[in-house]
Amino acid sequence: MMTSALKRLRFTMTRLRFIVSDHPLPWLLPLIVILVVFALYPFFYNIYLSFHEFAPRKRALVPVGFDNWQQLFADPRMWSAFYVTLFYTGVCLTIQLVLGMAIALLIDSDDRGFGFLRAVMTLTLVIPPAITGMMFLLMQDSQFGLISWTLQSLGLLSPATPILATPSLAIWGVILADVWQWTPFMVLIFIAGLRSLPRDPFESAMIDGASAWQIFYRITLPMMSKVIAIAVLIRGIDLFRMFDYVYVMTSGGPGTATYTLSLYAWEQTFSFLKWGYGATLSLLALFVILIAANIFVVVFKVRW
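Residue 0 in numbering that gives the first Met the number 0 sits at position 1 of the sequence shown, with consecutive numbering throughout.
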């Protein structure tokens, strides 16, 4: 009798194991838990915070209704940070797109040494952005920085004009660090796209006597449009929420010349303890990214 009971139990366990292994829920459950804990809960808690404000004396959250949202659109510093973020995103994205495509076309070769060159280019991507910011902070020092010394030697910069302490130059100093670190990312994406293109159209164009520019403009660029769109989308989202370089190199200064939206949200949340207003700023950045990304996907017909 015990033997038959054990057989039934073993059969039940085997059947249950088969059902569990065949069902998608056990495999999706860890992902669902991570999504809920690290994405959905913070998102809805941020929405909750945006209608409250932290009162230091009471050490509690106090309901404020729509005050944070009204303050958001009437805040001149928010608009200044928003414009700086848009400028930073647009300039960095344009430079990285052009440089990335140019470098990808130059090193898209199977000759000896080009594979090693492509591998070396990935080294900048493993450096933490804060470390990169510190490197360029030192290199742009007006007294002993390599970049400042080079520009001064060429007569392009006065010794009395420090790059990161001049309002008109500080944002360009930060952009330089971002371009140096993330242009190789665009290069790798474009090289992957170039390697996937069919060879027949290029061979036919060369036989017909097309120039290198005509081949690039009429064949390479249209065939690479989807790859370019995906690269622009990924980097655009990442650039809009940039925080590390500005925090390390300028802390938003001089004045508000390099104040980005992410830095302003961080300052309001952790420096001034305005948790509700900081959450509102972060939600604004999220909504702008979502709207811009979805418009971009629809216009350029990007498939995820």
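Cβ atoms here follow ideal geometry from the backbone N, Cα and C, with glycine treated the same way.
In this text the structure is predicted, and so the values were computed from the model without any measurement.
For this session: With DSSP as the reference, label F65 as helix, strand or coil.
Result: On the sequence shown, residue 65 is found 66 positions in, with the first residue counted as 1. For F65, the three-state secondary structure derived from DSSP is coil.
Exercise. In this structure, does DSSP put L60 in helix, strand or coil?
Worked result: Start at 1 with the first residue of the sequence shown, and residue 60 comes out as number 61. Residue state, collapsed to three classes: strand.
Exercise. Are S49 and N67 close, meaning C-beta to C-beta below 8 Å?
Worked result: In the sequence shown, counting from the first residue as 1, residue 49 sits at position 50. In the sequence shown, counting from the first residue as 1, residue 67 sits at position 68. For S49 and N67, yes; Cβs fall inside 8 Å.
Exercise. Opposite E52 in the DSSP bridges: which residues?
Worked result: By one-based count along the sequence shown, residue 52 stands at place 53. According to DSSP, which records beta bridges pairwise, E52 is partnered with V61.
Exercise. Whose CA, out of W26, A211, S250 and F269, lies closest to the CA of P55?
Worked result: Locating residue 55 in the sequence shown gives position 56, where the first residue counts as 1. Ranking W26, A211, S250 and F269 by Cα distance to P55 puts F269 first.
For this session: Could you pull out every residue in the same chain whose Cβ sits closer than 8 Å to the Cβ of T259, ignoring the five residues on either side in sequence?
Result: Here residue 259 is taken as the residue at index 260 of the sequence shown, counted from 1. Answer for T259: A80, V83, T84, Y87, M241, F242, V245 and G251, listed in chain order.
Exercise. How many Å lie between L34 and W26 at the Cα?
Worked result: Taking the sequence shown and counting its residues from 1, the one referred to as residue 34 is at position 35. Taking the sequence shown and counting its residues from 1, the one referred to as residue 26 is at position 27. CA-to-CA, the gap between L34 and W26 works out to about 14 Å.
For this session: With a 10 Å radius around its C-beta and 16 neighbouring C-beta atoms as the bar for buried, classify A59 as buried or exposed.
Result: Along the sequence shown, one-based indexing puts residue 59 at 60. So A59 ends up on the exposed side.
For this session: List the whole-angstrom C-beta distance separating G99 from T182, where the pair is believed to meet the contact cut-off of C-beta under 8 Å.
Result: By 1-based counting over the sequence shown, the position of residue 99 is 100. By 1-based counting over the sequence shown, the position of residue 182 is 183. About 5 Å; that satisfies the 8 Å criterion.
For this session: Look at D169 and P75 and say whether their C-beta atoms are less than 8 Å apart.
Result: Your numbering for residue 169 matches position 170 in the sequence shown. Your numbering for residue 75 matches position 76 in the sequence shown. The question names Asp, but residue 169 is Ala in the sequence shown. The answer is no: Cβ separation not under 8 Å.
Problem set entry | Length at least 4, wholly inside the stretch 189-230: the alpha helix (DSSP H) runs in chain order | Qualifying alpha helix (DSSP H) stretches, in chain order: 199-206 and 211-214.
For this session: Measure the CB-CB distance between P127 and S141 and report whether it falls below 8 Å.
Result: Your numbering for residue 127 matches position 128 in the sequence shown. Your numbering for residue 141 matches position 142 in the sequence shown. Cβ distance not < 8 Å, so P127 and S141 don't count as in contact.
Exercise. What are the boundary residues of the alpha helix (DSSP H) that G251 is part of?
Worked result: On the sequence shown, residue 251 is found 252 positions in, with the first residue counted as 1. First-last for G251: undefined, no H or E at that position.
Exercise. Taking the alpha helix (DSSP H) that S157 falls in, what are its first and last residues?
Worked result: Taking the first residue of the sequence shown as position 1, residue 157 is located at position 158. Where S157 is concerned, there is no enclosing alpha helix (DSSP H), given that its DSSP letter is neither H nor E.
For this session: Could you tell me which of L153, S261, W265 and I233 sits nearest to A284, measuring between CA atoms?
Result: Sequence index remark: in the sequence shown, residue 284 carries index 285 (1-based). Among L153, S261, W265 and I233, the Cα nearest to that of A284 is on S261.
Problem set entry | Limits of the alpha helix (DSSP H) - the one that R76 falls within | Sequence index remark: in the sequence shown, residue 76 carries index 77 (1-based). Start and end: P75 to I106.
Problem set entry | Residue range of the unbroken alpha helix (DSSP H) whose run includes A291 | Numbered from its first residue, the sequence shown carries residue 291 at position 292. Per DSSP, A291 belongs to the alpha helix (DSSP H) from W274 to F299.
For this session: For R111, name the three-state secondary structure that DSSP assigns.
Result: Start at 1 with the first residue of the sequence shown, and residue 111 comes out as number 112. R111: coil per DSSP, three-state reduction.
For this session: Measure the alpha-carbon distance for A164 versus M205 and round it to whole angstroms.
Result: The count along the sequence shown starts at 1 and reaches residue 164 at position 165. The count along the sequence shown starts at 1 and reaches residue 205 at position 206. Each residue's Cα considered, the two are about 52 Å apart.
Exercise. If we call anything under 8 Å between Cβ atoms a contact, is I190 one with R117?
Worked result: For this step, residue 190 is matched to residue 191 along the sequence shown. For this step, residue 117 is matched to residue 118 along the sequence shown. Yes, these two residues count as a Cβ contact at 8 Å.
Problem set entry | CB of F135 within 8 Å of CB of M223, strictly | In the sequence shown, residue 135 corresponds to position 136, counting from 1. In the sequence shown, residue 223 corresponds to position 224, counting from 1. In this structure, F135 sits away from M223, with a CB-CB distance that is not shorter than 8 Å.
For this session: Can you have a look at M0 and say buried or exposed, based on whether 16 or more other CB atoms are within 10 angstroms of its CB?
Result: Start at 1 with the first residue of the sequence shown, and residue 0 comes out as number 1. With a pLDDT of 47 at M0, under the threshold of 50, the predicted position of this residue should be treated as unreliable, though the coordinate-derived value follows. Classification for M0: exposed.
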